[in-house]
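Peer 1: Residue numbers (this note's numbering): -5 to 330.
Backbone N, C-alpha and C fix where the C-beta goes; we use that ideal spot for every residue, glycine too.
Here the structure is a predicted model, which is why all the values come from computation and not from measurement.
Take this structure, written in structure tokens, and hold onto it; I'll ask about it next.
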Amino acid sequence: MGNQLRRQLIVWLGLGLLVVGLVVFYEISSEAQLRTLTMNSERLRSHLQTLSTERYTDLALARTRAYLTQQLTDYGYEPLSQSFGSGESTGINLSVRRPGIRTPEQTILVGAHYDSVAGSPGADDNVSAVATALEIARLFANYPTDKTLQVAFFDQEELQPEGAGLLGSSAFVNDANNLDGLAGVVILEMLGYACYEPGCQTYPSGLDQLDVQNLPTQGDFIGVIGDTDHLDLLAAFATDSESNAANDLALDLQAVTLPVPIGILPFFPDLFRSDHVPFWLKGIGAVMVSDTANFRNPNYHRASDTVESLDLVFLESTANYVVDRVAGLLSNPGEK
């Protein structure tokens, strides 16, 4: 064997070993970091305490964006601002992206609105979700996943002077660039209130028409609704199925999942009140994860929606559940 051929074989062998090593490192790194995908309860509570003030005026919204921007920058992101609207309906969405490794062209979006109604500190609505989204951004900042993660904070979700909410998410979906490669959306909407007395949990009228049976009468579960055109996305949030990134802190949480045909909008407006709706109307699979808002929480849109009214143990469990399911969505099927 000539020296030149021998050198070529050594080079190719070295390259092969390098590729194998990288793959092994990726697998080991993923499994090791998997054990660290757990919410930091102190960080969650810090976000709650800082952000639970009325977020309705321009000044209050600007302060909230400044806090979100600083946190995301500290995590290593470069936040992107997108302005929309005019006059009293002017708003600004914030978003960050963490590219995937194997299929970066596919994106999973986690979103939450950061505004509140006038007169309410909005601890549950919607700081509980914003704090969870911030923790998701932090946990996945240096965590290798197959797909790309995007975390978005929507402005102007609540009712505006013109009488229509969902302005930030609607503006987001109306920009075609934001929809490129979007494989699934997870909207977080009020995650921190629980009640344990029989009968404290109520539901929208007529829900029995959707063939939903044996609904809990206690509000100690998390609700997830998804459109019937993307049932695989909804199934990923069922707690009777095996997740890809089992998180021990989320194992005791029960989820009630509800498939919703988009055509029932005129008959069930209560199921179409959050930022998942603009994505549904664009034909994009989306789920809304929620503690069911006013069907459980008596402080909804009131001054009493404070940090003290929340069940922080329930919120931490819910947040870990969301992290667990998002980790699964960011992995390609059959791969870890």
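#1: Determine the DSSP secondary structure at Ala188, reduced to helix, strand or coil.
#2: Rank Arg59, His107, Thr32, Glu310 by C-alpha distance to the C-alpha of Phe215 and give the top, closest one.
#3: Under the three-state reduction of DSSP, which class applies to Ile130: helix, strand or coil?
#4: In angstroms with no decimal places, state the Cα-to-Cα distance between Val327 and Asn208.
#5: Out of curiosity, what's the CA-to-CA distance linking Gln212 and Asp119?
#6: I need the boundaries of the beta strand (DSSP E) containing Ser75, first residue and last residue.
#7: Who does Ser268 pair with in a DSSP beta bridge?
#8: Just checking my contact of Pro272 with Val167 at CB under 8 Å: how many whole Å lie between their CB atoms?
#9: So does the stretch 217 to 234 actually touch the stretch 140 to 149, counting three or more Cβ pairs closer than 8 Å?
#10: CB Ser150 to CB Asp109, shorter than 8 Å?
#11: Give the straight-line distance between the Cα atoms of Thr63 and Asn171, rounded to the nearest whole angstrom.
#12: Tell me, to the nearest whole angstrom, how far the beta carbon of Ser46 is from that of Leu161; I am working on the premise that it is less than 8 Å.
#13: Between the C-alpha atoms of Tyr294 and Met282, what's the straight-line distance to the nearest angstrom?
#14: Classify Pro260 as buried or exposed, calling it buried when 16 or more other Cβ atoms lie within 10 Å of its own Cβ.
#15: For Gly279, collect the residues of the same chain with a Cβ closer than 6 Å to its Cβ; drop the 5 residues on either side in sequence, then sort them by chain order.
#16: With a cut-off of 8 Å on the beta carbons, I'd call Ala188 and Val218 a contact; round off their distance for me.
#17: Ordered along the chain, which non-local residues of its own chain (more than five positions away) have a Cβ less than 6 Å from that of Thr196?
#18: Suppose you measure from the CA of Glu183 to the CA of His270; what does that come to, to the nearest Å?
#19: In whole angstroms, give me the CA-to-CA distance for Arg319 and Arg57.
#20: What residue from Ser303, Tyr315, Ser325 has the CA that sits closest to Leu42's CA?
#21: With which residues is Val180 paired in a DSSP beta bridge?
#22: Near Leu265, which residues of its chain fall below 7 Å by C-beta distance, leaving aside the five closest residues on each side in sequence?
#23: Per the DSSP calculation, Arg91 is bridged to which residue(s)?
#24: Please look up how many angstroms separate the CB atoms of Val124 and Ala106, rounded, as I've assumed it's under 8 Å.
#25: Are Val180 and Ser89 closer than 8 Å when you measure CB to CB?
Peer 2: With the structure as the only source:
#1: coil
#2: Glu310
#3: helix
#4: First, the residue type needs correcting, since residue 327 is Pro and not Val in the sequence shown. Cα to Cα, the separation comes out at about 31 Å.
#5: 20 Å
#6: Its beta strand (DSSP E) spans residues 74 to 78.
#7: BP columns for Ser268 are empty, so no partner.
#8: 4 Å
#9: Proximity of the stretch 217 to 234 to the stretch 140 to 149 falls short of the contact definition, fewer than three beta-carbon pairs being nearer than 8 Å.
#10: Note on identity: in this sequence residue 150 is Gln, with Ser being the wrong assignment. Their beta carbons are under 8 Å apart, which means Gln150 touches Asp109 by this criterion.
#11: 21 Å
#12: With a Cβ gap of about 22 Å, Ser46 and Leu161 do not count as contacting.
#13: 17 Å
#14: exposed
#15: Gly178, His224, Leu227
#16: In fact, because the Cβ distance is near 15 Å, the residues do not count as touching under 8 Å.
#17: Phe289
#18: 10 Å
#19: 31 Å
#20: Ser303
#21: Val104, Val281
#22: Pro198, Ile219, Val254
#23: Gln144
#24: 5 Å
#25: no
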